[in-house]
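K.L.:
Each position in the first sequence, counted from 1, maps to that position plus 1 in our numbering. To start, I am sharing the structure in question, which I have written as structure tokens.
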Amino acid sequence: MIRGIKGVKDITPDQIPKWTITERTAHALSHAFGFHEIRIPVFEKTELYVRSLGDATDLVEKEMYTFSDRDGTSLTLRPEGTAGVVRAFIERGLKAQPSSRKLYYIGPMFRHERPQAGRFRQFHQFGVESVGNAHPDADIEVITLLWRYFSALHLPGLVLEINSLGESSDRQEYIRTFVSFLKGKEPRLCGNCQRRIHTNPLRILDCKVPLCRETVKGAPSITEFLSQPCQQHFDHVLRGLRLLGIPYTINPCLVRGLDYYALTTFEVSCSVLGAQNAIGAGGRYDGLFQTLGGPPTPAVGFAIGLERVILALPESALPQPDPWVFIASFGEKGREAGLSLLDSLRAEHVKADTDYHASTLKTLLRSADRLGATYVVILGDDEVAGNRITLRNMVTKEQVTYPLSTASAAIVNQLR
RNA sequence: GUGGGUGUAGCUCAGUUGGUUAGAGCGCCGGAUUGUGGAUCCGGAGGUCGCGGGUUCAAUUCCCGUCACUCACCCCA
């Protein structure tokens with residue numbers, strides 16, 4: 002037997018209701034907030050991700066699905082969505098279209114990691130990118146959409162953490178101070194962090210190794226290094242969140258794993274998820290456009306892991322399935338009449354189905370019950386002879402009869 | 001990449017101190033006389049006991065290896 006790939010899951014029909022509601026809610030709320038869908042390729046030139054994510058990040062160093070095209074070009078399955086959206090934005094001149102500055106996407110991402118609860122090699126993200134607006138109101142809008150999305154799905158145990166990384170000049174000064182603070186303390190850091198001092202010092206801040214947490218305790222906070230405009234930007238965002246009643250916690254150690262972030266960063270975690278509890282995260286990335294050869298363009302966005310949303314999704318978030326009709330037709334004449342009734346209901350886009358295997362009323366009804374039919378049309382030779390059908394409500398067991406000739410219209414009416 | 005746990009029916013799991021035809025519940029299929037589902041009762045199908053090797057008269061059981069799944073670390077959504 003050929004098996005599927007490790008960490009790559011099938012989404013079977015029984016799970017589809019959960020996916021449908023999470024995706025529908027993403028589309029509906031994005032539209033409500035004035036965002037427009039964009040569909041970008043699932044693979045790009047490797048260089049795009051290396052340049053935008055940073056070559057010292059774990060994602061680029063060891064988690065990308067990279068392969069050679071026939072001409073030798075290195076290609077990579079997208080590990081996240083922002084880089085591709087920014088590339089498309091620059092390449093397609095979307096700046097010229099006012100309706101294309103607030104974008105969202107839903108689709109699969111690929112990372113070569115060891116799978117565990119809430120982590121897969123192919124997973125799905127819903128993300129938004131608000132491009133071209135440096136005003137903190139844009140940050141507020143994006144965070145609000147993130148929070149309202151989770152609220153709409155009734156996800157339990159959520160915490161929003163927020164931080165400001167400052168502009169790159171602030172950050173560089175902070176990093177210098179932080180690194181000199183760490184000088185001499187190297188033995189009191191984990192091996193990973195000793196390496197990070199040179200590659201990515203900020204990540205030491207949110208290292209979970211107890212030794213590192215202890216060592217970093219007395220370190221200066223990045224908040225003290227924010228320039229006046231950065232501080233105002235951050236304060237404006239926080240004020241907006243309070244105004245909208247969105248609860249947050251400031252976490253000065255919150256550092257994103259990707260290089261392109263600056264200023265506002267945020268992360269929502271969910272307590273019911275287990276070890277991989279980050280369910281959505283994002284921030285501002287004003288420098289990325291230039292990194293990718295575009296004009297200076299401010300932008301802010303987030304990405305949500307849909308598998309994690311679905312893990313946390315309560316049953317109560319699932320909508321009632323649409324009512325539908327099972328056609329229980331039997332006998333030679335009955336089957337014939339059933340066939341055409343089935344077809345006319347379907348032509349009206351009413352869900353109608355039957356079981357060709359069952360041939361007696363008893364087995365037909367049992368089949369209808371197991372399939373969860375709301376109504377059953379009983380249509381045997383007797384009904385055909387009397388030019389009528391019986392419509393049975395499977396919950397109340399009430400039965401009413403309609404003339405066969407107008408049955409389709411009557412049923413359509415009943416279901417709507 | 002590192003560590004732990006688990007591999008027996010479609011699913012959830014028993015089990016054998018090594019011994020004949022390996023079990024249960026759920027699910028599935030069928031039946032309980034005439035054209036009315038869910039409950040109950042009865043019956044049925046379905047298993048190379050993950051794979052390979054070793055020890056043994058005999059291995060699903062003990063040993064070794066391997067693969068898969070899973071949880072956790074790292075990191076991330």
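Idealized CB from N, CA, C, for every residue including glycine. It should be emphasised that the depicted structure is a prediction, and the values quoted were computed from it without experimental measurement.
Count the CB pairs spanning the stretch 94–105 and the stretch 262–271 that are closer than 8 Å, and state whether there are at least three.
P.N.:
Too few Cβ pairs lie closer than 8 Å, so no.
K.L.:
According to DSSP, is residue 284 part of a helix, a strand, or is it coil?
P.N.:
Taking the first sequence and counting its residues from 1, the one referred to as residue 284 is at position 283. Three-state DSSP puts residue 284 in a strand.
K.L.:
With distances taken from CA atoms, which of 128, 123 and 25 is nearest residue 39?
P.N.:
For the purposes of this step, residue 39 is taken as the residue at position 38 of the first sequence. If we check each option's Cα against that of residue 39, 128 comes out closest.
K.L.:
Could you give the first and the last residue of the continuous alpha helix (DSSP H) run that contains residue 73?
P.N.:
The residue given as residue 73 occupies position 72 in the first sequence. Going by DSSP, residue 73 is part of no alpha helix (DSSP H) at all; its letter is neither H nor E.
K.L.:
Going by DSSP in three states, residue 400 sits in which element: helix, strand or coil?
P.N.:
Here residue 400 refers to the residue found at position 399 of the first sequence. Here residue 400 sits in strand by DSSP.
K.L.:
Residue ranges of each beta strand (DSSP E) run of no fewer than 3 residues wholly in the stretch 290–372, ordered along the chain?
P.N.:
300–306 and 326–330
K.L.:
Apart from the five residues just before and just after residue 411, which ones in its own chain have a Cβ nearer than 6 Å to its Cβ?
P.N.:
The residue you call residue 411 lines up with position 410 of the first sequence. Closer than 6 Å at the Cβ level, and outside the excluded window around residue 411, lie 403.
K.L.:
When DSSP builds the beta bridges, which residues end up paired with residue 37?
P.N.:
Numbered from 1 along the first sequence, position 36 holds the residue referred to as residue 37. Paired residues: 104.
K.L.:
Along the beta strand (DSSP E) that carries residue 194, what are the first and last residues, could you check?
P.N.:
As a first step, residue 194 must be located in the first sequence, where it is residue number 193. Note, residue 194: premise wrong, no beta strand (DSSP E); alpha helix (DSSP H) at 192–200.
K.L.:
How many Å lie between residue 12 and residue 228 at the Cα?
P.N.:
The residue you call residue 12 lines up with position 11 of the first sequence. The residue you call residue 228 lines up with position 227 of the first sequence. Cα to Cα, the separation comes out at about 48 Å.
K.L.:
Between which two residues does the alpha helix (DSSP H) containing residue 49 stretch?
P.N.:
Translated into positions along the first sequence, residue 49 becomes position 48. Looking at the DSSP string, the run of the alpha helix (DSSP H) that includes residue 49 is 47–54.
K.L.:
With a CB to CB cut of under 8 Å and the five nearest residues on each side skipped, what residues in its chain are close to residue 409?
P.N.:
Here residue 409 refers to the residue found at position 408 of the first sequence. Closer than 8 Å at Cβ, skipping near neighbours: 342, 345, 346 and 349.
K.L.:
Taking contact to mean at least 3 C-beta pairs separated by less than 8 Å, is the stretch 320–330 in contact with the stretch 372–388?
P.N.:
Yes, the stretch 320–330 touches the stretch 372–388.
K.L.:
Could you tell me the alpha carbon to alpha carbon distance between residue 148 and residue 285, rounded to whole angstroms?
P.N.:
In the first sequence, the residue the question calls residue 148 occupies position 147. In the first sequence, the residue the question calls residue 285 occupies position 284. Approximately 16 Å, taken between the alpha carbons.
K.L.:
In or out: residue 1 buried (at least 16 other Cβ within 10 Å) or exposed?
P.N.:
Because the chain spans 2 through 417 in this model, residue 1 falls outside it and cannot be assessed.
K.L.:
With which residues is residue 123 paired in a DSSP beta bridge?
P.N.:
Residue mapping note: residue 123 aligns to position 122 of the first sequence, counting from 1. DSSP, once it has assigned bridges, lists 111 as partnering residue 123.
K.L.:
So what's residue 88 in DSSP terms, helix, strand or just coil?
P.N.:
Within the first sequence, residue 88 is the residue found at index 87, counting from 1. Residue 88 falls in the helix class under three-state DSSP.
K.L.:
Find the nearest neighbour of residue 385 within the set 368, 338 and 251, judged by alpha-carbon distance.
P.N.:
As a working mapping, residue 385 is identified with position 384 in the first sequence. Measuring from the Cα of residue 385, the nearest candidate turns out to be 338.
K.L.:
Is the beta carbon of residue 65 less than 8 Å from the beta carbon of residue 83?
P.N.:
Along the first sequence, one-based indexing puts residue 65 at 64. Along the first sequence, one-based indexing puts residue 83 at 82. No, these two residues do not count as a Cβ contact at 8 Å.
K.L.:
Between which two residues does the alpha helix (DSSP H) containing residue 170 stretch?
P.N.:
Residue 170 sits at position 169 when you count from the first residue of the first sequence. Element bounds for residue 170: 169–183.
K.L.:
Whose C-alpha, out of 367, 17, 46 and 57, is nearest the C-alpha of residue 202?
P.N.:
Against the first sequence, residue 202 aligns to sequence position 201. For the residues 367, 17, 46 and 57, the minimum Cα distance to residue 202 belongs to 57.
K.L.:
Is the beta carbon of residue 249 closer than 8 Å to that of residue 163?
P.N.:
The residue labelled residue 163 in the question sits at position 162 within the first sequence. The residue labelled residue 249 in the question sits at position 248 within the first sequence. For residue 163 and residue 249, yes; Cβs fall inside 8 Å.
K.L.:
Alpha carbon to alpha carbon, how far is residue 171 from residue 255? Give it in angstroms, no decimals.
P.N.:
Taking the first residue of the first sequence as 1, we reach residue 255 at position 254. Taking the first residue of the first sequence as 1, we reach residue 171 at position 170. Whole-angstrom Cα-Cα distance: 16 Å.
K.L.:
Counting C-beta neighbours from all protein chains within 10 Å, is the total for residue 86 16 or more, i.e. buried, or is it exposed?
P.N.:
Residue mapping note: residue 86 aligns to position 85 of the first sequence, counting from 1. Answer is buried; the Cβ neighbour count reaches 16.
K.L.:
Leaving out five residues on either side along the sequence, give the residues of the same chain with a beta carbon under 8 Å from the beta carbon of residue 239.
P.N.:
Against the first sequence, residue 239 aligns to sequence position 238. The answer, listed in chain order, is 163, 249 and 251.
K.L.:
Compare the beta carbon distance of residue 7 and residue 109 with 8 Å and say whether it is the shorter of the two.
P.N.:
Position 6 of the first sequence holds residue 7. Position 108 of the first sequence holds residue 109. No; because the gap between Cβ atoms is not below 8 Å, this pair is not in contact.
K.L.:
What's the gap between the Cα of residue 68 and the Cα of residue 360?
P.N.:
As a first step, residue 68 is located in the first sequence; it is residue number 67 there, counting from the start. As a first step, residue 360 is located in the first sequence; it is residue number 359 there, counting from the start. Roughly 55 Å separates the two Cα atoms.
K.L.:
Between the beta-carbon of residue 281 and the beta-carbon of residue 143, is there less than 8 Å?
P.N.:
Along the first sequence, one-based indexing puts residue 281 at 280. Along the first sequence, one-based indexing puts residue 143 at 142. Their beta carbons are not under 8 Å apart, which means residue 281 does not touch residue 143 by this criterion.
K.L.:
With a 10 Å radius around its C-beta and 16 neighbouring C-beta atoms as the bar for buried, classify residue 152 as buried or exposed.
P.N.:
Within the first sequence, residue 152 is the residue found at index 151, counting from 1. So residue 152 counts as exposed.
K.L.:
Thinking residue 141 and residue 241 are a contact (beta carbons under 8 Å), I'd like their distance in whole angstroms, please.
P.N.:
Numbered from its first residue, the first sequence carries residue 141 at position 140. Numbered from its first residue, the first sequence carries residue 241 at position 240. So it is a contact: roughly 4 Å between Cβ atoms.
K.L.:
With respect to the beta strand (DSSP E) encompassing residue 163, which residues constitute its N-terminal and C-terminal limits?
P.N.:
Counting from one through the first sequence, the residue named residue 163 turns up at place 162. Secondary structure note for residue 163: its beta strand (DSSP E) is the uninterrupted segment 159–165.
K.L.:
Which word fits residue 298, buried or exposed, when buried means at least 16 other C-beta atoms lie within 10 angstroms of its C-beta?
P.N.:
Locating residue 298 in the first sequence gives position 297, where the first residue counts as 1. Residue 298 should be labelled buried.
K.L.:
Looking at the structure shown, is residue 378 part of a helix, part of a strand, or coil, going by DSSP?
P.N.:
For the purposes of this step, residue 378 is identified with residue 377 of the first sequence, where counting begins at 1. When DSSP states are grouped into helix, strand and coil, residue 378 belongs to the strand group.
K.L.:
Do residue 305 and residue 50 have their CB atoms nearer than 8 Å?
P.N.:
Numbered from its first residue, the first sequence carries residue 305 at position 304. Numbered from its first residue, the first sequence carries residue 50 at position 49. Cβ atoms of residue 305 and residue 50: not closer than 8 Å.
K.L.:
Please list, in chain order, all residues of the same chain as residue 274 whose beta carbon is under 7 Å from its beta carbon, the five residues on each side excluded.
P.N.:
On the first sequence, residue 274 is found 273 positions in, with the first residue counted as 1. Only 119, 280, 309, 312 and 313 meet the Cβ criterion.
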